[in-house]
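According to our numbering, the residues represented by the sequence shown are 13 to 186, in order.
Backbone N, C-alpha and C fix where the C-beta goes; we use that ideal spot for every residue, glycine too.
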Amino acid sequence: MAAGRRLGVSLMEVTVASGLMGLLIVTSLQVVAGMLKSQRFNEDRARAELVVQDLLTEIAQQSYLDPTQAPVFGPESGEATNPASRTNFDDVDDYQNWTESPPRSRSGLAWTGWNGWTRSVSVVHVDPNDWNNSLGNNNDQGFKSITVVVSRQGIELARGQLVRSSSWKQPPFE
(Lines of atoms letter the chains of each structure in order from A and count residues from 1; the text may use other names and numbers.)
(Lines give C-alpha, C1' and ligand atoms only; values in the text may rest on other atoms or scores of the structure.)
Protein backbone atom coordinates (compact mmCIF):
# COMPACT_ATOMS: atom_id res chain seq x y z
CA MET A 1 0.00 0.00 0.00
CA ALA A 2 1.16 3.46 -0.78
CA ALA A 3 1.61 5.90 2.05
CA GLY A 4 -1.21 8.46 2.58
CA ARG A 5 -3.88 6.33 0.98
CA ARG A 6 -6.95 5.53 3.13
CA LEU A 7 -9.01 2.42 2.79
CA GLY A 8 -11.77 3.05 5.38
CA VAL A 9 -14.17 5.68 6.65
CA SER A 10 -13.11 7.75 9.60
CA LEU A 11 -15.16 7.99 12.78
CA MET A 12 -15.71 11.70 12.09
CA GLU A 13 -17.28 11.02 8.68
CA VAL A 14 -19.64 8.44 10.19
CA THR A 15 -20.67 10.88 12.92
CA VAL A 16 -21.39 13.70 10.45
CA ALA A 17 -23.36 11.39 8.13
CA SER A 18 -25.41 10.04 11.07
CA GLY A 19 -26.16 13.57 12.25
CA LEU A 20 -27.34 14.62 8.79
CA MET A 21 -29.57 11.54 8.49
CA GLY A 22 -31.08 12.26 11.90
CA LEU A 23 -31.79 15.85 10.92
CA LEU A 24 -33.48 14.72 7.69
CA ILE A 25 -35.64 12.20 9.55
CA VAL A 26 -36.76 14.74 12.18
CA THR A 27 -37.57 17.31 9.48
CA SER A 28 -39.53 14.73 7.48
CA LEU A 29 -41.56 13.76 10.54
CA GLN A 30 -42.38 17.40 11.25
CA VAL A 31 -43.57 17.89 7.67
CA VAL A 32 -45.78 14.78 7.85
CA ALA A 33 -47.22 15.89 11.22
CA GLY A 34 -48.04 19.32 9.77
CA MET A 35 -49.74 17.75 6.75
CA LEU A 36 -51.85 15.48 8.97
CA LYS A 37 -52.87 18.41 11.19
CA SER A 38 -53.82 20.46 8.13
CA GLN A 39 -55.81 17.55 6.70
CA ARG A 40 -57.71 17.12 9.99
CA PHE A 41 -58.50 20.85 10.10
CA ASN A 42 -59.82 20.74 6.52
CA GLU A 43 -61.96 17.69 7.35
CA ASP A 44 -63.36 19.50 10.39
CA ARG A 45 -64.17 22.56 8.28
CA ALA A 46 -66.02 20.41 5.73
CA ARG A 47 -68.03 18.73 8.51
CA ALA A 48 -68.76 22.13 10.07
CA GLU A 49 -70.14 23.45 6.76
CA LEU A 50 -72.61 20.55 6.68
CA VAL A 51 -73.66 21.23 10.28
CA VAL A 52 -74.24 24.91 9.46
CA GLN A 53 -76.36 24.02 6.43
CA ASP A 54 -78.35 21.48 8.48
CA LEU A 55 -79.46 24.12 10.99
CA LEU A 56 -79.99 26.86 8.38
CA THR A 57 -82.27 24.49 6.45
CA GLU A 58 -84.26 23.78 9.61
CA ILE A 59 -84.61 27.49 10.39
CA ALA A 60 -85.59 28.36 6.81
CA GLN A 61 -88.59 26.04 7.16
CA GLN A 62 -90.03 28.13 10.02
CA SER A 63 -92.47 31.03 9.72
CA TYR A 64 -91.24 34.61 9.71
CA LEU A 65 -93.54 35.45 12.65
CA ASP A 66 -95.07 33.18 15.27
CA PRO A 67 -98.26 31.77 13.70
CA THR A 68 -100.13 31.27 16.99
CA GLN A 69 -99.08 34.01 19.44
CA ALA A 70 -98.46 37.72 19.50
CA PRO A 71 -95.04 38.35 17.95
CA VAL A 72 -92.19 38.49 20.43
CA PHE A 73 -88.58 38.65 19.29
CA GLY A 74 -87.00 35.40 20.48
CA PRO A 75 -88.78 32.36 21.88
CA GLU A 76 -92.34 32.98 23.04
CA SER A 77 -93.52 31.64 26.39
CA GLY A 78 -93.44 27.85 26.50
CA GLU A 79 -91.12 27.47 23.53
CA ALA A 80 -87.89 27.23 25.49
CA THR A 81 -89.06 24.81 28.18
CA ASN A 82 -86.58 22.14 27.16
CA PRO A 83 -83.27 23.73 26.15
CA ALA A 84 -82.12 20.55 24.40
CA SER A 85 -85.16 20.46 22.10
CA ARG A 86 -86.20 22.84 19.34
CA THR A 87 -89.50 21.09 18.53
CA ASN A 88 -91.54 24.03 19.88
CA PHE A 89 -89.69 26.60 17.76
CA ASP A 90 -92.15 27.74 15.10
CA ASP A 91 -90.66 30.99 13.78
CA VAL A 92 -87.15 32.08 12.81
CA ASP A 93 -86.49 34.42 15.72
CA ASP A 94 -87.13 31.62 18.23
CA TYR A 95 -83.55 30.58 17.42
CA GLN A 96 -82.13 33.93 18.64
CA ASN A 97 -79.10 33.25 20.89
CA TRP A 98 -79.61 29.48 20.58
CA THR A 99 -76.46 27.56 21.47
CA GLU A 100 -75.94 23.84 21.79
CA SER A 101 -72.97 21.62 22.48
CA PRO A 102 -72.73 18.99 21.18
CA PRO A 103 -75.05 19.47 18.20
CA ARG A 104 -78.42 17.77 18.56
CA SER A 105 -81.34 16.78 16.40
CA ARG A 106 -84.40 19.00 16.49
CA SER A 107 -85.99 16.64 19.01
CA GLY A 108 -82.99 16.99 21.33
CA LEU A 109 -80.99 13.81 20.69
CA ALA A 110 -77.25 14.49 20.94
CA TRP A 111 -75.17 13.49 17.93
CA THR A 112 -72.61 10.84 18.81
CA GLY A 113 -68.96 11.66 18.16
CA TRP A 114 -69.50 15.44 18.29
CA ASN A 115 -68.20 16.26 21.77
CA GLY A 116 -66.39 19.60 21.78
CA TRP A 117 -68.46 20.93 18.86
CA THR A 118 -70.78 23.91 19.35
CA ARG A 119 -73.26 25.60 17.09
CA SER A 120 -74.89 28.90 17.86
CA VAL A 121 -77.46 31.12 16.18
CA SER A 122 -77.91 34.87 15.95
CA VAL A 123 -81.07 36.45 14.53
CA VAL A 124 -81.33 40.19 13.86
CA HIS A 125 -83.68 42.50 12.00
CA VAL A 126 -81.89 44.05 9.02
CA ASP A 127 -82.42 47.07 6.81
CA PRO A 128 -84.20 46.04 3.57
CA ASN A 129 -81.77 48.18 1.56
CA ASP A 130 -78.61 47.04 3.37
CA TRP A 131 -78.64 43.55 4.85
CA ASN A 132 -75.36 44.30 6.64
CA ASN A 133 -77.09 47.00 8.70
CA SER A 134 -78.59 45.44 11.85
CA LEU A 135 -81.67 47.09 13.30
CA GLY A 136 -83.00 46.85 16.84
CA ASN A 137 -85.10 43.88 17.95
CA ASN A 138 -88.26 46.04 17.86
CA ASN A 139 -87.52 47.59 14.46
CA ASP A 140 -88.94 44.98 12.09
CA GLN A 141 -88.87 46.21 8.49
CA GLY A 142 -89.65 42.80 7.01
CA PHE A 143 -86.21 41.18 6.92
CA LYS A 144 -84.36 39.01 9.43
CA SER A 145 -80.77 37.86 9.07
CA ILE A 146 -79.98 34.46 10.59
CA THR A 147 -76.34 33.51 11.22
CA VAL A 148 -75.21 30.05 12.33
CA VAL A 149 -71.66 29.55 13.63
CA VAL A 150 -70.06 26.15 14.22
CA SER A 151 -66.91 25.79 16.29
CA ARG A 152 -64.85 22.99 17.70
CA GLN A 153 -63.08 23.47 21.00
CA GLY A 154 -63.54 27.23 20.70
CA ILE A 155 -62.19 27.55 17.15
CA GLU A 156 -64.71 28.80 14.58
CA LEU A 157 -64.78 26.43 11.61
CA ALA A 158 -67.82 27.55 9.61
CA ARG A 159 -70.35 30.35 9.43
CA GLY A 160 -73.48 30.55 7.32
CA GLN A 161 -76.12 33.20 6.86
CA LEU A 162 -79.54 33.56 5.32
CA VAL A 163 -81.91 36.50 5.09
CA ARG A 164 -85.60 35.81 5.52
CA SER A 165 -88.32 38.09 4.18
CA SER A 166 -91.75 38.54 5.74
CA SER A 167 -93.33 38.49 2.28
CA TRP A 168 -92.20 34.92 1.58
CA LYS A 169 -94.71 32.40 2.88
CA GLN A 170 -93.37 29.03 3.93
CA PRO A 171 -95.35 26.12 2.47
CA PRO A 172 -96.57 23.62 5.07
CA PHE A 173 -94.33 20.61 5.60
CA GLU A 174 -95.86 17.37 6.77
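Taking C-alpha positions only, Val-43 is separated from Gly-31 by approximately 19 Å. Remark: C-beta atoms of Asn-150 and Val-136 do not approach each other more closely than 9 Å. By the criterion of at least three beta-carbon pairs nearer than 8 Å, the stretch 48-65 is in contact with the stretch 154-169. Shortest Cα-Cα distance from Arg-131 to any of Asp-103, Val-160, Pro-140, Gly-154 involves Val-160.
Close CB contacts of Phe-155 within its chain, under the 8 Å cut and outside five residues either way in sequence, are with His-137, Val-138, Asp-139, Pro-140, Trp-143, Val-175, Arg-176, Ser-177, Ser-178 (chain order). Contact between Gly-128 and Gln-173 is ruled out by a C-beta separation of about 24 Å, above the 8 Å threshold.
The Cβ neighbour count for Leu-36, taken over all protein chains shown within 10 Å, is under 16; the residue is labelled exposed. Taking a C-beta distance under 9 Å as the contact criterion, Arg-98 and Glu-70 qualify as a contact pair.
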